[in-house]
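Numbering (the working numbering), first residue to last: 2 to 243.
We treat Cβ as the ideally placed atom computed from N, Cα and C, and that holds for glycine.
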Ligand SMILES: [Zn+2]
């Protein structure tokens, strides 16, 4: 397959998922009117091999994911996630040691638990994305869901800070004291419920980034160059469904 064959046999309109095969690259999508050229994989220039993650990830995530390449290896994305989660673990460790209430072993154990927990939650999210993508007829196989989640991991940073600060106050007994003063009645169950609630709020940025990422890649087109493995995106759910 050559690059010039655009729209190719697997090309979808990136907005609505209409199969563009056989149409002219100069025309518009018959379904939603988007210029067919706007669905060209040439517009997906990064990040990937050789391209760095830019600040758009946090400033304009919509643009970031719209430009994210969807073919090729996931190694750069996985590497980004590893760095991000290890950084959070390290910050946690430093913070814990600075407070000085625990032993180094306990601090290391906590940081390790945090890293493992973030990895677990991230891959649960990948499965969730695949599940919802299939139900909605999106073209989001494992490799693409994983790539989106890897970059969305930057959203764990504020979550970790918020949860860290909350847990810190909780351990010190401040939260129970404040809530008791505020409401009069406050028990262990309320504490647990509140921690779960704050945990959910803390996850919002991560979840939002995943959502934006999936929205911008749910019908994404990969390059059909020979060296890029087609199996990353051309498999998966049936592409056109309304
Ligand atoms: Zn369309």
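Non-local beta-carbon contacts of residue 214 in its own chain, meaning distances under 6 Å to residues more than five positions away in sequence, involve 66, 149 and 153 in chain order. Distance from residue 160 to residue 206 at the Cβ level is roughly 7 Å; contact confirmed, criterion being Cβ atoms closer than 8 Å. The set of residues with CB atoms less than 6 Å from any heavy atom of ligand 1 reads, in chain order, 14, 16, 17, 19, 30, 32, 33 and 35.
By the beta-carbon neighbour count (other beta carbons within 10 angstroms, threshold 16), residue 184 is exposed.
The residue among 199, 132, 203 and 32 with its C-alpha nearest the C-alpha of residue 147 is 132.
Burial check for residue 217: the Cβ neighbour count within 10 Å reaches 16 or more, so the residue is buried.
When the Cα atoms are used, residue 99 and residue 15 turn out to be separated by approximately 49 Å. With three or more CB-CB distances shorter than 8 Å, the stretch 119–131 counts as touching the stretch 76–92. When only Cα atoms are considered, residue 114 and residue 21 end up about 47 Å apart.
Taken through DSSP and simplified to helix, strand or coil, residue 13 comes out as strand. Scanning 48, 165, 35 and 54 for the CA closest to the CA of residue 108 turns up 165.
The beta-bridge partner set that DSSP reports for residue 161 is empty. Contact check for residue 46 against residue 81 fails: the beta carbons are separated by 7 Å or more.
Look at residue 221 here: in three-state DSSP terms it is coil, with no helix or strand label. Contact annotation: residue 89 and residue 157 have beta-carbon atoms nearer than 7 Å. At the C-beta level, residue 151 and residue 63 stay beyond 7 Å of one another.
Comparing alpha carbon positions, the residue from 69, 190, 56 and 48 closest to residue 219 is 69.
When the beta-carbon positions are compared, residue 32 and residue 19 come within less than 7 Å of each other.
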